[in-house]
Amino acid sequence: MRTDSENYYNQIVNKLKNWARINSPWAIHFNSGSCNGCDIEILATLTPRYDVERLGIKLQGSPRHADVLIATGPVTLQALDRLIRVYEQMPDPKYVIAVGSCALSGGVFDGCYSVIGDLNKVIPVDVYIPGCPPRPEAIIFGVVQLLDSLKKGKKPAKFVVPNDIPDFKLEEKSNGNN
Amino acid sequence: MTEAKKEKFIVPIGPQHPALKEPGNFEFTVDGEIVTDATVRLGFVHRGIEKACETRNYTQDMYLLERVCGICSHVHATAFVLGVEKLAGVQAPPRAEAIRVLAAELERIHSHLLWFGVAAHEAGFDTLFMYTWRDREVVMDILETLSGSRVHYSVNILGGVKIDIDQKLSDLIKKDMDFLEERTEHYMKVVTTDETFLGRTRGIGTLSRDRAKLLGAVGPTARASGVKRDVRVNAPYSGYKEFPVKMVIDQTGDLEARFVVRLKELYESYRLIREILEKIQPGEISTRIKRKIPEGEVISRVEAPRGELFYFIKSNGTEMPDRVKVRTPSLCNWGTITDVAVGHKLADMPMLLAGIDPCFSCNDRMVEIRSDSQPSQMMNWDGLRKYGIEYYK
Ligand code: SF4
Chain P
1 MRTDSENYYN QIVNKLKNWA RINSPWAIHF NSGSCNGCDI EILATLTPRY DVERLGIKLQ
61 GSPRHADVLI ATGPVTLQAL DRLIRVYEQM PDPKYVIAVG SCALSGGVFD GCYSVIGDLN
121 KVIPVDVYIP GCPPRPEAII FGVVQLLDSL KKGKKPAKFV VPNDIPDFKL EEKSNGNN
Chain L
179 MTEAKKEKFI VPIGPQHPAL KEPGNFEFTV DGEIVTDATV RLGFVHRGIE KACETRNYTQ
239 DMYLLERVCG ICSHVHATAF VLGVEKLAGV QAPPRAEAIR VLAAELERIH SHLLWFGVAA
299 HEAGFDTLFM YTWRDREVVM DILETLSGSR VHYSVNILGG VKIDIDQKLS DLIKKDMDFL
359 EERTEHYMKV VTTDETFLGR TRGIGTLSRD RAKLLGAVGP TARASGVKRD VRVNAPYSGY
419 KEFPVKMVID QTGDLEARFV VRLKELYESY RLIREILEKI QPGEISTRIK RKIPEGEVIS
479 RVEAPRGELF YFIKSNGTEM PDRVKVRTPS LCNWGTITDV AVGHKLADMP MLLAGIDPCF
539 SCNDRMVEIR SDSQPSQMMN WDGLRKYGIE YYK
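Encoded structure:
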């Protein structure tokens with residue numbers, strides 16, 4: 001049985017955590033078969049003209065330190081299990097931003113034999129940023145949208161292992177070292 | 179002997195590899211600190227573009243092929259368009275050819291600056307990375323004013339181009355070229371005189387002329403080793419017939435030479451752009467071309483920022499091509515990596531990889547250090563980069 005004071009304590013801690021998360025989200029960037037255009041625009045947001053770091057957003061290397069996954073590309077079959085692996089390595093709560101038309105619907109690569117086309121078929125996506133590629137301003141706007149919705153109390157989506165993707169079984173592929 | 183063999187480690191880099199056009203999985207066998215062997219595995223961003231080309235018509239294919247690579251999208255479209263025009267027996271008007279060259283050179287500037295920044299980042303010189311990317315925005319602005327998009331400009335259409343330049347724009351470009359030239363001079367000074375930077379580049383990863391030829395290196399990587407290979411000069415295409423370029427060559431073949439060659443190419447691009455803006459003739463910018471392309475096969479070569487880009491197009495007389503084959507320059511240059519890596523320190527690998535400019539905008543790849551006796555140890559690309567920087571402190 002929890003006492004009221006413990007509950008109260010938990011609430012405060014949660015509030016604090018949420019506040020910290022919103023003020024400085026750390027992002028990891030994953031390319032699942034994109035043409036590089038989107039990735040370069042994401043990188044450009046870090047550089048002096050756009051400088052997202054002033055908003056507390058930091059792009060860093062390891063999925064284990066990340067709150068937000070910025071994914072680009074139409075999800076090629078080769079990159080698929082990597083994408084899921086990266087997503088699973090991120091600590092909860094985690095959010096996903098899909099950048100570029102490719103990640104939204106496959107974009108120009110729609111109908112190619114080795115792409116899945118929609119990021120949402122694989123992992124739950126919270127924010128879509130359309131454009132081919134989106135301007136850096138649009139990417140920043142997308143991130144701000146996510147932060148806004150977090151402030152309003154958005155909860156992270158549940159991850160369900162995709163099972164309607166042909167030729168792909170998660171159990172088989174992810175039993176290697178993570 | 180077996181004892182000694184056991185002490186060798188295999189260090190796989192990749193393939194989890196955000197942002198590379200052609201993510202490769204490298205396995206470096208290391209003996210202590212020295213790399214003794216290297217292999218490459220490619221194919222993680224395989225999207226099936228070549229096959230998809232066969233199910234779309236020529237106009238649609240252009241938009242698709244531009245998206246092979248987000249850094250050098252214009253040259254892909256140019257190579258394709260030149261091939262198709264040859265098949266159709268159509269010649270784009272001279273003004274269109276000049277604008278194609280203009281866009282290609284602007285793209286080269288943006289690509290080389292991008293690469294320069296990333297390479298500086300790999301060396302641990304982040305200030306330089308920020309400066310170059312700040313200056314790169316100047317070119318991006320030009321490209322955007324010119325075409326409406328920062329990355330995929332879609333300048334080409336079959337039979338010409340769809341954008342035109344006017345006096346106002348040309349004045350703007352000239353002004354920006356002056357600014358960039360000044361900045362490039364500064365970078366040149368940094369690259370050739372900065373002690374710490376030279377420590378990472380001079381005499382490292384030397385690729386001899388013969389090896390470069392043998393391995394089929396292309397672009398700045400080959401030219402830094404003294405191989406005279408530049409499609410713009412060897413087999414001028416499109417507007418390069420009218421506006422010739424000088425080939426930039428260096429004999430040293432080490433990493434420093436690759437920096438110097440690329441920076442010198444920037445000067446050449448500035449010069450060429452100014453010349454085009456001065457001399458461009460008024461006139462039509464496109465001609466009509468039939469939707470059905472006559473039967474035939476054609477090879478089309480252009481010089482991308484990274485080297486020779488090769489297209490093979492086969493038409494069967496319909497609106498859609500029968501076969502399109504693309505060979506990108508990065509692919510040719512992967513071969514040299516395995517060669518230059520051997521005998522060098524693991525700490526040099528990030529720089530060497532960046533040196534061939536494999537569309538290297540990623541810093542987030544996993545490195546796993548495995549050995550027979552020890553449990554595997556993970557290192558990501560960032561870690562390896564830091565390791566390299568620490569090593570040279
Ligand atoms: S959305 Fe466009 S720019 Fe972005 S990765 Fe896809 S094709 Fe490239």
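Chains P and L are the protein sequences, given in the same order.
The opening residue of the first sequence carries number 1 in this note's numbering; numbering runs sequentially from there.
The opening residue of the second sequence carries number 179 in this note's numbering; numbering runs sequentially from there.
Just so it is clear, CB atoms sit at the ideal spot from N, CA and C, and this is done for glycine as well.
Quick caveat: nothing in here was measured; it's all calculated off a predicted structure.
At a CB-CB cut-off below 9 Å, which residues of chain P make contact with residue i?
i	result
L:TRP311	LEU43, ALA44, LEU46, THR47, PRO48 and ARG49
Please state whether the Cβ-Cβ distance between residue i and residue j is less than 8 Å.
i	j	result
L:ILE287	L:LEU444	yes
L:MET308	P:PRO63	no
L:TYR236	L:ILE463	no
L:GLU244	L:HIS299	no
L:GLY397	L:ILE427	no
L:TYR489	L:GLY261	yes
P:LEU83	P:VAL122	yes
L:GLY248	P:CYS102	no
P:ALA50	P:ILE140	The residue asked about is misnamed: residue 50 of chain P is Tyr in this sequence, not Ala. Their beta carbons are under 8 Å apart, which means P:TYR50 touches P:ILE140 by this criterion.
L:VAL213	L:GLY521	yes
L:THR379	L:ASP432	yes
L:LEU347	L:THR323	yes
L:ILE451	L:LEU336	no
L:ALA274	L:THR256	no
L:VAL514	L:THR371	Per the sequence presented here, residue 514 of chain L reads as Thr, with Val not at that position. The answer is no: Cβ separation not under 8 Å.
P:VAL96	P:GLY33	no
P:LEU119	P:VAL127	no
L:VAL208	L:LEU524	yes
L:CYS250	L:GLY394	no
Under 8 Å Cβ-Cβ, which residues of chain P neighbour residue i?
i	result
L:LYS229	CYS112 and TYR113
L:MET529	Neighbours of L:MET529 on chain P: none; closest Cβ ~18 Å, over 8 Å.
L:LEU292	ILE40
Mind checking whether the beta-carbon of residue i lies closer than 7 Å to any heavy atom of ligand 3?
i	result
L:VAL329	Looking at this structure, you won't find ligand 3 anywhere; what it does contain is ligand 1.
Which chain L residues are close to residue i, counting only those with a beta carbon under 7 Å from its beta carbon?
i	result
P:VAL125	Ordered by position in chain L, no residue passes the 7 Å Cβ test against P:VAL125, which lies about 17 Å from the chain.
Mind pulling the chain P residues with CB within less than 7 Å of residue i?
i	result
L:MET425	Within 7 Å Cβ-Cβ: nothing; L:MET425 doesn't reach chain P, min ~27 Å.
L:MET308	THR47 and PRO48
L:GLU315	ARG49
Kindly list, in the order they appear in chain L, the residues whose Cβ is closer than 8 Å to that of residue i.
i	result
P:VAL108	TYR241, LEU242 and ARG245
Counting only Cβ pairs nearer than 9 Å, list the residues of chain L close to residue i.
i	result
P:PRO74	ARG225
Check distances from the C-beta atoms of the stretch 231 to 251 of chain L to those of chain P and list, in chain order, the residues that come in under 8 Å.
-> THR233, TYR241, LEU242, ARG245, VAL246, CYS247, GLY248, ILE249 and SER251
Mind listing which residues of the stretch 318 to 330 of chain L have their C-beta closer than 7 Å to chain P's C-betas, in chain order?
-> ARG328, VAL329 and HIS330
Contact residues within the stretch 129 to 159 of chain P, judged by C-beta distance below 7 Å to chain L | CYS132, PRO133 and ARG135
Residues, ordered as in the chain, of the stretch 29 to 40 of chain P that lie near chain L by beta-carbon distance below 9 Å | HIS29, PHE30, ASN31, SER32, GLY33, SER34, CYS35, ASN36, GLY37, CYS38, ASP39 and ILE40
Is there contact between the stretch 384 to 391 of chain L and the stretch 408 to 421 of chain L, where contact requires at least three CB pairs shorter than 8 Å?
-> Contact fails between the stretch 384 to 391 of chain L and the stretch 408 to 421 of chain L, because fewer than three Cβ pairs, one in each stretch, are under 8 Å apart.
Sufficient close CB pairs (3 or more, under 8 Å) joining the stretch 498 to 516 of chain L to the stretch 266 to 285 of chain L | Inter-segment contact for the stretch 498 to 516 of chain L and the stretch 266 to 285 of chain L is absent: fewer than three beta-carbon pairs are separated by less than 8 Å.
Cβ contact (3+ pairs, closer than 8 Å) linking the stretch 472 to 488 of chain L and the stretch 345 to 360 of chain L = no
Mind the definition here: the stretch 79 to 93 of chain P touches the stretch 52 to 60 of chain P only if three or more C-beta pairs lie below 8 Å; say whether that holds.
-> no
Would you call the stretch 90 to 110 of chain P and the stretch 63 to 79 of chain P in contact, with 3 or more CB pairs under 8 Å?
-> yes
Any contact of the stretch 503 to 516 of chain L with the stretch 359 to 374 of chain L, i.e. 3+ C-beta pairs under 8 Å?
-> With a cut-off of 8 Å on Cβ pairs, the stretch 503 to 516 of chain L is not in contact with the stretch 359 to 374 of chain L, counting fewer than three such pairs.
Segment contact flag, the stretch 134 to 146 of chain P with the stretch 106 to 122 of chain P, C-beta cutoff 8 Å, min 3 pairs = Fewer than three pairs of CB atoms, one per stretch, sit closer than 8 Å, so the stretch 134 to 146 of chain P makes no contact with the stretch 106 to 122 of chain P.
Stretch-stretch touch, CB-based, cutoff 8 Å, three pairs: the stretch 425 to 439 of chain L with the stretch 227 to 234 of chain L = no
Is the stretch 447 to 455 of chain L in contact with the stretch 309 to 317 of chain L, if contact means three or more CB pairs nearer than 8 Å?
-> no
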